[in-house]
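Since the structure comes first, as structure tokens, the remarks are kept for the end.
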Amino acid sequence: REQEEEVEREMRKAGACIAAHQHRNQKQHTKTRVSQNALAGACAGVMVSICLHPIDTVKVLLQSQSKSIIQLPQVAAKFMATRGLAGFYSGVLTNICSSAPISAIYTAAYEAGKERLLPLFPQERAWAAHCLAGGLASVCTSVVYTPSECIKQRMQVQSHPSTWSALKTIVRQDGPFGMYRGWTAVLARNIPHSAIKFFAFEHMKHIMIARNKANGEGSSLTTAQTLVIGGIAGSTAAFFTTPFDVVKTRLQTQSALGHAVQYRGVVDAITKMVSQEGVGCLYRGLAPRLLIYISQGAIFFASYEFMKQVLSSQMPDIRSVVPIVAADSRILSKSTISSS
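Take the position in the sequence shown, starting the count at 1, then add 58; the result is the number in this note's numbering.
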């Protein structure tokens, strides 16, 4: 009897050690996975910025104009005449330098939030976890995104020789907090945008994977499938959030166009814009915005999913190792009791 009690005590100690070891490994695995998601997101963000910056420049020009010039060909032709072809890449360095950390924070926050939130909802309401995680990711990135977007848009509507020049102009004209002008509009646009985008992507991804399994085509998406559903998710979110994107652009560029500050905030901007220019002004720049987000969604999600696969293949899954060690220890302990 004393021997059995001794063995039980040893088993409990061994079990505690195994549990602690498993917990440490799980924490390490979580940190590694977060780092992988962040790196994959950074790569995807840089790819999107390089490919789509010229279209974004046209969109910003359309949205910053009053009703005197509203046609895309007119805006593009006038811009080409004054700034040349290279002007379409004005602010691209700022965009690239900011898109990497922003996308890293964005994807890491989304994946971490989704992992924590999914257990709180039943399977049929997993969409709520995706929406909340997407909104959380937007809040986390807004601190970095808002000033970088403000600088980028100033460089797109004005001719600045460098990012530093644009930054100094903003601070001189609007004060040190000028870079955060339009922050409310950024949140009003980005939170629903991310919620809609990730909801649509995750829902279509689930349907597509189920279809692939049923057809014996594996349990993952092909690159073509990721491109298609990423483009649909991005454009759907862009359509519903364009009014806030227009308001954000007006708030962040109003002093750059040589006019007195017209709008004091999101509500004031919407009220004045609708009364002076009509409801249609809230969807100005919709065509290039949809083009951006069809392409952005496709490029971003395809790049992100690809990089996640590449990075995860470089790291062994320790979750499959620790339970085996624990199981072997339990079997060994049981055999020790039997032999004693």
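The beta carbon of each residue, even a glycine, is placed where N, CA and C say it ideally should be.
N-terminal and C-terminal residue of the alpha helix (DSSP H) that residue i is part of
| i | result |
| --- | --- |
| ASN273 | Run containing ASN273: none; DSSP gives neither H nor E here. |
| CYS155 | 150-175 |
| GLY240 | Careful: GLY240 lies outside any alpha helix (DSSP H) and carries neither H nor E. |
| PRO301 | 281-311 |
| GLU363 | 344-370 |
| THR130 | Correcting the residue identity first, residue 130 is Leu in this sequence and not Thr. Where LEU130 is concerned, the enclosing alpha helix (DSSP H) stretches over 130-141. |
| LYS193 | Here residue 193 turns out to be Gly, not Lys, going by the sequence shown. First-last of the alpha helix (DSSP H) with GLY193: 184-215. |
| SER220 | No alpha helix (DSSP H) contains SER220, which DSSP labels as neither H nor E. |
| VAL319 | Segment: none, VAL319 is in no alpha helix (DSSP H) and carries neither H nor E. |
| ALA327 | 324-335 |
Beta-carbon separation (whole angstroms), residue i vs residue j, contact threshold 8 angstroms
| i | j | result |
| --- | --- | --- |
| ASN95 | THR204 | Incorrect: roughly 23 angstroms between the Cβ atoms, too far for contact. |
| SER122 | THR307 | 6 angstroms |
| VAL118 | GLN211 | 5 angstroms |
| LEU279 | GLU363 | 7 angstroms |
| SER361 | CYS101 | 6 angstroms |
| CYS208 | GLY240 | 7 angstroms |
| TYR321 | LYS330 | 6 angstroms |
| VAL202 | ILE160 | 5 angstroms |
| GLY103 | ALA158 | 6 angstroms |
| ILE287 | PHE259 | 6 angstroms |
| CYS339 | ALA253 | Incorrect: roughly 25 angstroms between the Cβ atoms, too far for contact. |
| PHE297 | LEU348 | 7 angstroms |
| MET365 | ALA184 | The Cβ separation is near 24 angstroms, so there is no contact. |
| ILE350 | GLY289 | About 11 angstroms; that fails the 8 angstroms criterion. |
| SER206 | THR281 | Between THR281 and SER206 the Cβ distance is about 30 angstroms, and since that is not below 8 angstroms, they are no contact. |
| PRO346 | VAL116 | 5 angstroms |
Burial state of residue i (16 or more Cβ within 10 Å)
| i | result |
| --- | --- |
| GLY292 | buried |
| GLN310 | buried |
| ASP326 | exposed |
| ARG377 | The predicted position of ARG377 is uncertain, since its pLDDT is 40 and thus under 50; no value can be drawn from it. |
| PHE146 | buried |
| GLU63 | exposed |
| GLY233 | exposed |
| LEU143 | exposed |
| LYS172 | buried |
| GLN367 | exposed |
| ASN273 | exposed |
| GLY149 | buried |
| GLY276 | exposed |
| ALA167 | buried |
| ALA385 | Unreliable placement is indicated for ALA385, whose pLDDT of 41 sits below 50; no coordinate value is reported for it. |
| SER133 | For the sequence presented, residue 133 should be read as Val rather than Ser. Burial call: buried. |
| GLU68 | exposed |
| ALA139 | exposed |
| ARG70 | exposed |
| VAL324 | buried |
| PHE137 | buried |
| SER447 | Nothing in the structure corresponds to residue 447, since the chain is present only between 59 and 398. |
| ALA135 | exposed |
| ALA268 | exposed |
| GLU283 | Looking at the sequence itself, residue 283 is Gln, so the reference to Glu does not match. Buried, since its Cβ has 16 or more Cβ neighbours within 10 Å. |
| SER220 | exposed |
Neighbour flag for residue i against chain B, beta carbons, 7 angstroms
| i | result |
| --- | --- |
| ARG174 | The chain labelled as chain B is not found in the depicted structure, where only one protein chain is given. |
query = How do the stretch 257-276 and the stretch 208-216 stand: do at least 3 beta-carbon pairs fall below 8 angstroms, yes or no?
reply = no
query = With a cut-off of 8 angstroms, do at least 3 Cβ pairs link the stretch 354-362 to the stretch 101-114?
reply = yes
key: At least 3 beta-carbon pairs within less than 8 angstroms: the stretch 239-253 vs the stretch 298-307   = yes
query = Touch check for the stretch 247-259 and the stretch 185-197: three-plus C-beta pairs under 8 angstroms?
reply = yes
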